[in-house]
Each structure stands twice: as C-alpha cells, then as structure tokens.
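Protein chains in written order, with my numbering: chain A, 1 to 579; chain B, 1001 to 1579.
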C-alpha cells in the first residue's frame, strides 16, 4: 500500500493530476484560497505501478489581481492537460533544440569546459527566456545572493552572449531597462545632472546601492547599457528597438555624460570622481575604461539621432547638442604613461604606491584590508583597463595590449567573479594561451566547482556567461566594437577543436577551429554572402560552401606575466586532479 | 515667610550650607547614597534677610571608587568652608586676573569684537583649565553637539591660542593626547601602517568616525598634533614635555607618514588617497596642506630625535630612519599650476570642473548636494590651501599668497565654522583688511549672534579661538612656523587700536597697535632682551623700555575677491544694524 501526498503554497497557482493506476483510487482536493492540498489513496498489488502526472502552473504579478492571476494559472493547466505530458516534453525539447542549434559550443579535449559552457548557457537561457520585462539578476533565478538585484553584469556580461545566441531575450531585457528610463531621469535630476543616471544596483529601476564610491560613482553602467543597445542593433540588424526605446536611452545617457564631464582650459575633456570596474581604485580622474565607454556612448547617440531625426527632434536634440557630444568624445583624456609604455587605469595610476603582497596576504582583500589603504595603491580588484581592451579593442595597438596585459596582470587580485573571463580573453589575444585557458577554466567552473565558496547563494551569471566569452571571444577572437563581425581564432594546447555557432543579422554561422585552420560555414541567412573580418583582413563567406583558412599564429611580445602571489589562476589540470 | 528648598542628584557630590538668619531655623538633611536633600525652614520678619551660602563639590571618575570620590568631594567642601565664600571669590578672581593679565585682547572701535574675543577666551579657559587629561571637546563643556567628541580643532585651533595665553593648559591637553598613543599605534597596525594613527574623532582615543573619506583619510590630524607639540616647545621653551611624551608622538607620527607616502620612480614623494581640511574634495593625491604638514612632522621628528638621542634610540630610531624622514620631506610634491600662478589644493584641482553657483544654491551644500557631485568639483567647504598658507607661511611667497587667496576665495563656501577665522588671517596678510575684518567678526560672533543657528548644541570652541586668531594672527600678524616670534601688525579701518598680550618663553609681552605704529613692551622675563621679527626684519626688544616702530603698509596685489554668490561674509556693520 502506498500513500502519496503532495502540497504546495503559492501566490496564485493551479494544479491538476492525471492518475493512471489499476483498482480503487481515492482522489480528494482541498483547495482553499492559498492552499491546494491533494490526497491520493490507492491500493497496489505487488508489481503494480502508480503513475502520477502532476501539472503545476504558477503566476506572479505585482499589479494584476489575484483572480486574474488564478485564471491565468488555470488556463495554463488546461492547456497543459490538452497537450499532455508528451506534448509538453516535445515542445520543451523543440525549444531547447532550437536554442542549442544557434548557441552550442563544442570543446574537444577539455570535457570539463565542455560541460561548464553548456551548463552556463542553459542557466543564461533560464534566467532570460521568460524574464518578460523584469531585470535579469546577478544570480538569475538560482539564489538569494545580492537580494535579487541586477547590476552592470547584465548588459556587460550576460547580454553579449545572448545577443549572439538568443537575441529575442536581449530585446526583452533592453526593453526592461528602457522601461526604467523615467526613474533614471529622476535620479539624474536629483543629483543635479542632465539626462538619465541608471542605477548601479536595482530591481525596479531605483538606485539601491548605499556606498556611493562603489555605486553611483560607477557611472560606466550608463555606457554599458548604451553599448548593449548598440551591439544588439549591429549584431541582429534590428533597428526597430532603437526607434522604439533605444534612442531615448542613448540620448539621455549622452546628456548625462556631457553634464558629468568637462573640458579643462586646454580643451581636454575629463571625467572626474568616477569609479571604474575596479572597486579597489575609486573616485578617480579619467578612468580609461569609463572614458572610452563614455566616448562611444556619445558617438553612438549622435549617430542614432541621425538615423532617427524626427524622433530625436521630438526629444529636443539639436545639431548643436550632437556636435557637443562628438566634440567631448574626440577630446576625451586617455591617460598613458609614455615612460612605461602602458596605459594608466586612471590618471596617475602607474605612479601610485605598489601594494605590498606579503606572504600572509589574505583574500579577498576587501574583507581584510581597509579601503583607505586599497584605494591609493596599485592593487586591482578586477579587470578594468584590461576590460577596456576587450570592449574597446580598436583603441589599443597590439603592442599596447601586450604591455598593458603584462602590467595589469601583476597587480590584479581577481577578488571579483567578473574578472577571470576578461583576463582569459586578453591573455589569449596577446598570445598567453595556456594562461588564458586557465582563466577560462576558472570562469567556467566557478559554480560547478564552487571555486568562490558561495554557490549556495546562487550561480554567478556573469561568470557563467564568461565561460562562453572566454571560449568564443578569447579563443575564437570574436570582436564587434568596429561594427563588423571580427574573428581571429587560436586554440590553446589543451583544446584540440572548438566549434561554435553565432547569429549575425539573420545569418547563422558555424565556426569550427582546430590548431591549423578554421572553417566558417554560413548555414542560412538573408543573402548568399557575408563579409566578416578574419585575423584583421576582410573575408567574404559564401552560403554555398564553407570557407577554410589558416589561423594566425600568436607570438607573444612578452613572456607570460606573474600574478600577485597566491593569485595565479586555478590551473586546469591541477584542479581536475584534485576533484 | 519664605521657604527655601534645594535638591541635587549627582554621582558623587557634597554640599554644605552656612545659614545666616535671625530667629529659629530648622535645618535637616536627608542624605541617601545618591541624593542629598536639604530643607531649610525659617521665619522672617519684614525687612529681615535670609542669606544662604551653599557649598557644592562635585567629583567624577571612570576608575576610582565611589567612596574615594565622595571623600574627595567632602574634602573639597571642608576646604571651601575653611576658605569661606570671600576666600573662594578672592582666589577665583586672582586666578582670572592672572589669566587676563597674560591673555587679554583690547579692541578699540569695535565693541562687539571686544566682547566676543573675551567671551571666547573665557570659554577656552573654562574648557581647558581643569580638563585634567581629558580631551578638550569641539563644544568644550557647553553642549551635546558632536556627542562630546574631540577633533583636529583642539590641536589646530584651540591649543595655539592657549599656548600664548595659558600654556599650562596646553601641556595638560598634549599629555592627554600622548596618553592615547598606544591606541593610535594599535589603529595604525590594524590598517597595516607603521607608527601611530590618531583618531579623527574621539573621546577616549579610539577612532569614532564612521565615514572614512571624511574621517580616517584626513590623516593630517597626526601632523596637527605633532605641530601642537612643536609649537608648545618653541613658544614656551619647555623641553621637558617633549622628552616625557612629545618625542614618542613625533616619532610614531613620522613613522605613519613614511608608511603612508611613497616615492614614485622619479623620486617625488606622494601622499595619495588623503582628505585635507576641505571635506568637499576628498580622497585625493597630494593635498598641499597635508603634504606640507607631513613634511614638517617628519623634519620635527628628526630634529627631536637629535635633541633626545638616548630616548630616540630606545624607540629604535636610527640615523637611517631619520634620514628617510628628511628625504621624504624634501621630496614632497607641492602641486602648482604655473599657467594660473596658483597652488593646487591637490593634484589637478585647478583643472576640475567649476561648481555652478546658481541663484538657487542652498547652503550648507552637504545637506543639499550629493558628495558624488561635490568631490570632483572646484567647490571648497573650508579653508584648506588657505590654511596651509597660515600654518606654513614660509612655504609661500607674498605673490603666491595673494594669488592663492584670490583664487580660493571665489570657490570657498564656508560651510564649516573652522573657515572664517583662517580667511580673516590670510585676507589680512594679503591686504584685504576690510574683508578680513568681516571674517573676523563672523568667527567671533558665531555664538553670541547664533550665526550658524546651532548654538543650542554648544559653543563652537574652534571658532571662538578663531576670534583671538583673527585679531592676533590676522591683524597682529603673529607667525611662529619659522620658530621665531614674528609679528607684522596692520589694522583695518574699523579698529582704531588693538592691544594684546603674549607669552613667549618666560617673557610676557604686550603688543599695542594703532594705524601708524606698534609698541612692543617686554613686561618681564628671564633676560633683558628678546629678538623678534617685525614685518620680516629682526627687532631686539629690551626689558627696560618699550619699542615703538611704524607698521608696514599692506598694498594688495589684487583687488578684493568675490565670494561665491550668497557666501560673502557677514558684514560687520550691516549685522550690527540688524541686531
């Protein structure tokens, strides 16, 4: 005799059961307003099976009435009963097959990274596919970490992956962000600024960060959002979203930047008192990452206004205003230390005191050292100048990239999960492929191996997105900051073959890389050819046959750099042995 | 028939009464442990007087037993009865006569300033005379503002006045500070620094400030303390205090500075991530005030070690260490904008954005504007670079002083009560005598006129000290940063005569200034002559006769500067009319 019992408590839910057993079955449901309890009693003989299919529908809303929600959940149950278990399973499988067909990454020679990148992609889809104008939180739907808040990670780390793999989710996420524009404008006005200041940390669009030097002062989130709109437009070719809501975001963020920055008396445009991605160096002048991103934001807004002159005019944009945006962008200060041949993360950075990495340094530093000591030292929490070189690749020469990676690797402690994937990308670009592979591994395995000892609080969505980024942007060499699809693949020794899919405009491409060459296949699309950039040279792909071409050898200018003691990346093989 | 009744509740107190009435008197005391209630009943005929003399003694201690305290209070009562009312009155009068004889400032032509400077001196004495190794709080003994905490105001604003007028109180205050050295060393160690880090805000010696950018980062408090020890030694000639406790403070603060600063690769010594006096510009590189004060701290410590080689050796000081202090002091960066011909309050200050002082600007800015906007702008809460020119006068040429005053006056909103007196001093020095007089008035009358609308929270000790400072340092031209008594008097039109007393070593001087000349009188002292500096030239005073010499005309290099709109100083005469 088995007794099966189930219960659930929910805001608005509906359940239904199909019970498939021989003999007598008692089936009773006690459905009060908020509680549905079903009791199933039946007698089974030896060898008999009880099969219960339980359909569960769930609805939540902050605005609709409870009866409306309950109707919605009931309708979902009825639809499910109509489809049946197999029907639901088939449609879910078709949905995921479609996703994987556009998104899958195949990694030969590194089964752990293979598992991890798929694990990451699945969770990105899960967090975004049904977000429906809600923020994609730092932990997605997986845990209570960061109290459900969303940060710059969404536009900066998660959306770039989805733009190439599931672009409809990106349009939804960007519409959510645009829906908070009114609040962002109110916030800017409250601070005495023009335009819109999007919140550093939010659920609904209000600024929820308390410690402003690592919150509001990280103005770059505004440019990160603008970039996400621009990337979506470039990669998908969908200009409608820009007209509907993107233009207003671009214009209002450009206005913010213009009121935040100023020209000094020599005509140089500065952004003072800002915090870049590195939260161990805050409230600085001319953070290179922020300045390059702001300049792009200003130029993108000006270009967008030219594409939609009537809409722009309705927002009060004049040619004087767009000219002022371009002028500021052209005059932006990018601090560079000519003596060392490296960029300065911010004005004066390379002349700050070096951090004393003693044998007893305890990480993360933020739990063991005072900000009053961290801020004025050359110690970096996470990729900042290095991230600028990924996102604004065209602004740096190959030699600058090599020297900058070398300089900043030695001072970066990776106390943020947003760092390893970027270090992977830039180490790969400058030819430190083994080091890049280690960073890629660390980004990808963060939750499967609980490397930060906090996976119980939820998965690190940005780092999981970084698994894809490390492989596709790092070893695939994907860049789009010059508005053309650029690839420049090169594999590390530990990966024998890398095969990934991309969407670009309405084309679907497959990129299949080994140590000698890469094969680009144009699977389908709106035309018979597509010009991309391969290893810096234009290459036209044809839809009638794949194109195979040799990969470029990457000879590093400098030997692989040392990290701060104890902060070497988790070595892939060493880690595997320990598990 | 009169009925007189009194009661009091106190930790440990004693009362006694002398009742001097004709006829029958009932006198009963109900003294429980913590409550002494006395009832006096007597019958009076018309024309008769009741005279009650009540002796009250009070004792408080955080460490001694209650019986011991009670014994102390009882003994005080017995002593008072023995002296009698007239005896107590005479001794108090003698004490104050002695104080005023060394401290009084006479201001002819400006009766309000006359009243205010005496009001201020009285409260300084009241706050310090019996402090007995307790901190002199920002509000003295007058109110609950700042929760009884002491700040840099004590060493920076209050002690300089007392050093010249009641030096025994200064020795006591400095001994209190030195008694917290162990806690300051623990604080430095906690922050990973060498030496001692004195607290920004404290009662007992622990750091009580929460918002570190305007607390711990204001490292200059350490140099302010060191300077107070050094001034006490120079002005009083008492070297014993230095040997007893000053040397340890100088050495440990020098060690702090050396670990806070660093040489860049060009050999320039920087202090990064510091906050100077101006709390609207925080976490900066090379605040001039802080750098000059730190350099003086380092040099003073090195010199003091040479004066007390054995004591220094016992503290582990070597000639290598003192050489490193001097080297850092010599290499300190003092940012200067050669194009504008002004010093930069901190690196880059003169190229920050200008604050937009609109017609609707609401003061104090800290209650109406976000720090994220204030920090990166050229808006100054209180004298900072201008204070550096007062305390480190020798580091600036007369032309630099004139240009700096002009530049910073236009950007200073005086949202702190620590500012007006300093602006008075420096405006006087560069020849803006009327403006200086207005600032002097504002500093002096802050509480008598409740200019900041918060006198109910207690008196502004530093600003009351500033009444003396504005007159004596401002119009008297007193400086001591070159270890010699320097005077350079010049009166504004609104003051016809200024007469003040000073102690220097064991001399007592009177300085008597009018618009034409000054008379220096050496009243008594250890020798028959004293060389001072008058208007930049050495002048030897003789004890047998006063010296009268013409005052130097001050021709301003530049016209009087404008303040930010709405922040002009309270005009003395306009204010008087409104009262």
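Backbone N, C-alpha and C fix where the C-beta goes; we use that ideal spot for every residue, glycine too. Keep in mind it's a predicted model, so treat the numbers as computed, not measured.
Is residue 590/A helix, strand or coil by DSSP? Outside the displayed range of chain A (1 to 579) lies residue 590/A, so it cannot be described from this structure.
With distances taken from CA atoms, which of 1514/B, 1500/B, 1568/B, 1238/B is nearest residue 1494/B? The residue you call residue 1494/B lines up with position 494 of the second chain. Closest option to residue 1494/B, Cα to Cα, is 1514/B.
Using a Cβ-Cβ cutoff of less than 6 Å, which residues in the same chain neighbour residue 521/A once the five nearest sequence positions on both sides are dropped? In the first chain, residue 521/A corresponds to position 521, counting from 1. For residue 521/A, where only same-chain residues beyond five positions count, the Cβ hits under 6 Å are 510, 546.
Using 8 Å as the threshold, is the stretch 496-512 of chain A in touch with the stretch 456-465 of chain A, meaning 3 or more CB pairs across them? no
So that I know if they touch, is there some Cβ in chain A lying closer than 8 Å to that of residue 1283/B? Counting from 1 along the second chain, the entry for residue 1283/B is found at position 283. So, interface residue.
Jot down the residue ranges of each uninterrupted beta strand (DSSP E) in the stretch 1028-1099 of chain B, minimum 3 residues, whole runs only, in chain order. 1035-1042, 1051-1059
Tell me the residue span of the beta strand (DSSP E) that contains residue 1538/B. The count along the second chain starts at 1 and reaches residue 1538/B at position 538. Unbroken beta strand (DSSP E) run through residue 1538/B: 1537-1542.
Skipping 5 residues on each side, what residues in its chain have a beta carbon closer than 7 Å to that of residue 381/A? Against the first chain, residue 381/A aligns to sequence position 381. Only 278, 279, 280, 413, 415, 416 meet the Cβ criterion.
Under a three-way DSSP split, which group does residue 1523/B fall into? As a first step, residue 1523/B is located in the second chain; it is residue number 523 there, counting from the start. It is a strand residue.
At a Cβ threshold of 8 Å, is residue 192/A touching chain B? Locating residue 192/A in the first chain gives position 192, counting from the first residue. Closer than 8 Å: yes.
Is it a yes or a no for the stretch 364-379 of chain A touching the stretch 310-325 of chain A, going by three-plus beta-carbon pairs under 8 Å? no
Alpha carbon to alpha carbon, how far is residue 427/A from residue 1220/B? Mapped onto the first chain, residue 427/A falls at position 427. Mapped onto the second chain, residue 1220/B falls at position 220. Straight-line Cα distance between these residues: approximately 42 Å.
For residue 1228/B, is the beta carbon positioned less than 7 Å from some heavy atom of the ligand COA? This structure does not include the ligand COA; it has no bound ligands of any sort.
Going by DSSP in three states, residue 389/A sits in which element: helix, strand or coil? Here the question's residue 389/A lines up with position 389 in the first chain. Three-state result, residue 389/A: helix.
On the DSSP bridge list, what partners appear for residue 1336/B? As a working mapping, residue 1336/B is identified with position 336 in the second chain. Paired residues: 1343/B.
Chain B within 8 Å of residue 422/A, Cβ atoms only: Counted from its first residue, the first chain places residue 422/A at position 422. Closer than 8 Å: no.
If you run the structure through DSSP and keep just helix, strand and coil, what is residue 404/A? As a working note, residue 404/A is residue 404 in the first chain. Looking at residue 404/A - three-state DSSP - the assignment turns out to be helix.
Identify each residue in the stretch 357-374 of chain A for which the Cβ-Cβ distance to at least one residue of chain B is less than 8 Å, and report them in chain order. 369, 370, 371, 372, 373
Contacts around residue 408/A, its chain only, beta-carbon distance under 6 Å, and the 5 residues preceding and following it disregarded: Position 408 of the first chain, counting from 1, holds the residue named residue 408/A. Contacts found: 385, 386.
By the three-class DSSP mapping on this structure, what secondary structure does residue 349/A have? Here residue 349/A refers to the residue found at position 349 of the first chain. Residue 349/A carries a helical assignment under DSSP once its states are collapsed to helix, strand and coil.
Contained alpha helix (DSSP H) runs [length at least 4] in the stretch 190-266 of chain A, N- to C-terminal order: 220-236, 247-260
Leaving out five residues on either side along the sequence, give the residues of the same chain with a beta carbon under 8 Å from the beta carbon of residue 191/A. Counting from one through the first chain, the residue named residue 191/A turns up at place 191. So the qualifying residues of the chain are 197, 216.
Among 232/A, 115/A, 185/A, 223/A, which has the Cα closest to the Cα of residue 173/A? In the first chain, the residue the question calls residue 173/A occupies position 173. Measuring from the Cα of residue 173/A, the nearest candidate turns out to be 232/A.
Residue 466/A at chain B interface by Cβ criterion, 8 Å: Counting from 1 along the first chain, the entry for residue 466/A is found at position 466. No, residue 466/A lies away from the interface with chain B (no Cβ there is under 8 Å from its Cβ).
Determine the burial state of residue 429/A: buried for a count of at least 16 other Cβ atoms within 10 Å of its Cβ, exposed for fewer. On the first chain, position 429 is the one that residue 429/A refers to. Residue 429/A is buried by the Cβ-count criterion.
Look at the alpha carbon of residue 1124/B and the alpha carbon of residue 1171/B, and state the distance between them as a whole number of angstroms. Counting from 1 along the second chain, the entry for residue 1124/B is found at position 124. Counting from 1 along the second chain, the entry for residue 1171/B is found at position 171. Roughly 15 Å between the two C-alpha positions.
For residue 261/A versus residue 346/A, is the C-beta spacing smaller than 8 Å? Within the first chain, residue 261/A is the residue found at index 261, counting from 1. Within the first chain, residue 346/A is the residue found at index 346, counting from 1. The answer is no: Cβ separation not under 8 Å.
Over the uninterrupted beta strand (DSSP E) stretch that includes residue 1504/B, give me the two end residues. To locate residue 1504/B, count along the second chain from 1; it is residue 504. Here the beta strand (DSSP E) through residue 1504/B covers 1497-1504.
Less than 8 Å between the beta carbons of residue 1250/B and residue 1301/B, yes or no? Here residue 1250/B refers to the residue found at position 250 of the second chain. Here residue 1301/B refers to the residue found at position 301 of the second chain. Yes, the pair counts as a contact, with Cβ atoms nearer than the cut-off.
Residue 270/A touches chain B at which residues, Cβ-Cβ below 9 Å? Counting from one through the first chain, the residue named residue 270/A turns up at place 270. What residue 270/A touches in chain B: 1348, 1351, 1352, 1353, 1376.
Is there a Cβ of chain B sitting closer than 8 Å to that of residue 168/A, yes or no? Taking the first chain and counting its residues from 1, the one referred to as residue 168/A is at position 168. So, not an interface residue.
By alpha-carbon positions, which one of 132/A, 135/A, 390/A, 127/A ends up nearest to residue 142/A? Here residue 142/A refers to the residue found at position 142 of the first chain. Ranking 132/A, 135/A, 390/A, 127/A by Cα distance to residue 142/A puts 127/A first.
Note down, one range per segment and in chain order, each alpha helix (DSSP H) of at least 4 residues found wholly within the stretch 435-478 of chain A. 461-468
Would you say residue 1474/B faces chain A, with C-beta separation under 8 Å as the test? Taking the first residue of the second chain as position 1, residue 1474/B is located at position 474. By this cut-off, residue 1474/B is not an interface position.
Three or more C-beta pairs under 8 Å: does that hold for the stretch 352-362 of chain A against the stretch 557-567 of chain A? Yes, the stretch 352-362 of chain A touches the stretch 557-567 of chain A.
Any residues in the stretch 1300-1323 of chain B with a beta carbon nearer than 8 Å to a beta carbon of chain A? Which ones, in chain order? Listed by position along the chain: nothing, the set is empty.
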